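S.K.:
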Amino acid sequence: MESKKVVVLALHDELESAYPPLNIAVGAASSGADVILAFSRSGVNILDKRYIPIPSEGIEYLSNAIHDFNVPTIHEMLEIAVEMGVQLYVVDLDIDDESNFIYPAEQVPIKWILNEAVSADLFVHF
Amino acid sequence: MANKKFIYFVSLSSNATYVLKQSIEMVKQHNEVVLFFDLDGARVLDQRYLKKLDRTHGTDLALLLKLALESGIKLYGCQMNVLIADGLELVDGAELAGVVTFLELAYTADAVLSY
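Sequence lines, in order, name chains A and S. Position in the first sequence counted from 1, then plus 73, gives you my numbering. Position in the second sequence counted from 1, then plus 28, gives you my numbering.
Here it is as structure tokens:
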């Protein structure tokens with residue numbers, strides 16, 4: 074059976090916005106899909122080695138709840154994603170030095186992502 | 029027959045009222061709607077949260093959930109949601125589901141929207 078193609082775009086870096094794209098990417102990859110995980114706008118901060126996920130105002134409880142529930146951290150989720158073959162991209166950025174990224178990510182224009190999305194079985198952005 | 033199939037992914041409880049109202053309207057227009065609630069969004073599926081809501085801006089969230097279910101909208105809470113460890117009391121009619129269920133539905137959807 075032909076494998077599914079999934080394109081996930083992470084646009085935000087708040088805690089509650091960072092987990093969903095990673096959950097979907099890892100879930101899709103684990104079911105055999107070819108997954109493109111792209112980061113744009115503030116979502117690219119998730120890739121930064123110094124990234125600390127902070128929930129949006131009013132839902133600060135979420136940090137402790139996630140910690141207590143023993144959920145993998147965002148960067149642990151990224152590690153799982155990379156190990157499962159998820160391809161990482163950053164969109165429309167002018168980055169000369171990627172040394173702060175926890176994993177290498179190819180820079181591509183948003184047009185490239187949208188073209189990939191057209192042929193994908195699922196395109197979702199968070 | 030449904031015109032379109034829409035999947036909403038709700039990670040913020042503050043967006044739930046809008047999403048529920050929008051979903052009910054879309055079903056009236058003969059579309060199929062499935063709502064996934066994760067992280068803070070899943071709080072709206074917790075009966076304890078609904079009971080202690082004090083600021084609802086004139087919206088009865090429990091009633092909206094009931095209307096949504098009665099109109100055929102499927103409500104799913106993430107089965108790995110952090111609220112489960114805290115004793116989540118799921119509202120009647122809602123179900124828990126994992127990412128596999130989300131993907132199966134999303135692959136056949138006309139649009140997947142996140143809130």
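No residue lacks a Cβ here, since even glycine has one placed at the ideal position from N, Cα and C. Since we're looking at a predicted model, the values are computed, not measured.
Give me the subset of the stretch 97 to 108 of chain A whose CB atoms are less than 7 Å from a CB atom of chain S, sorted by chain position.
M.R.: The residues in question are 97, 100, 101 and 104.
S.K.: To the nearest angstrom, report how far apart residue 123 (chain S) and residue 38 (chain S) are at their CA atoms.
M.R.: Translated into the one-based positions of the second sequence, residue 123 (chain S) becomes position 95. Translated into the one-based positions of the second sequence, residue 38 (chain S) becomes position 10. Rounded to the nearest angstrom, the two C-alpha atoms are 15 Å apart.
S.K.: Are the beta-carbon atoms of residue 68 (chain S) and residue 132 (chain A) separated by less than 8 Å?
M.R.: To locate residue 68 (chain S), count along the second sequence from 1; it is residue 40. To locate residue 132 (chain A), count along the first sequence from 1; it is residue 59. Yes, the pair counts as a contact, with Cβ atoms nearer than the cut-off.
S.K.: Quick one: which residues of the stretch 29 to 48 of chain S get their C-beta closer than 7 Å to a C-beta of chain A? List them in chain order.
M.R.: Taking 7 Å as the Cβ-Cβ cut-off against chain A, the residues of the stretch 29 to 48 of chain S that qualify are 37, 39 and 40.
S.K.: Hey, out of S:97, S:139 and S:119, whose CA is closest to residue 78 (chain S)'s CA?
M.R.: Position 50 of the second sequence, counted from the first residue, corresponds to residue 78 (chain S). Comparing Cα positions, the closest option is S:119.
S.K.: What's the call for residue 71 (chain S), buried or exposed, on a 16-neighbour Cβ count within 10 Å?
M.R.: Reading the second sequence from its first residue, position 43 is the one you call residue 71 (chain S). Under this definition residue 71 (chain S) is a buried residue.
S.K.: How would you write the range of the beta strand (DSSP E) that residue 75 (chain A) sits in, first residue to last?
M.R.: Walking along the first sequence from the start, residue 75 (chain A) turns up at place 2. No beta strand (DSSP E) holds residue 75 (chain A); DSSP gives it neither H nor E.
S.K.: Nearest-angstrom Cα distance between residue 94 (chain A) and residue 83 (chain A)?
M.R.: On the first sequence, position 21 is the one that residue 94 (chain A) refers to. On the first sequence, position 10 is the one that residue 83 (chain A) refers to. So the two alpha carbons sit approximately 6 Å from each other.
S.K.: Determine whether the Cβ of residue 197 (chain A) lies closer than 8 Å to any Cβ atom of chain S.
M.R.: Position 124 of the first sequence, counted from the first residue, corresponds to residue 197 (chain A). It does: the Cβ of residue 197 (chain A) has a partner Cβ on chain S nearer than 8 Å.
S.K.: Flag residue 132 (chain A) as yes if its beta-carbon sits less than 8 Å from any beta-carbon of chain S, otherwise no.
M.R.: Within the first sequence, residue 132 (chain A) is the residue found at index 59, counting from 1. Residue 132 (chain A) counts as touching chain S.
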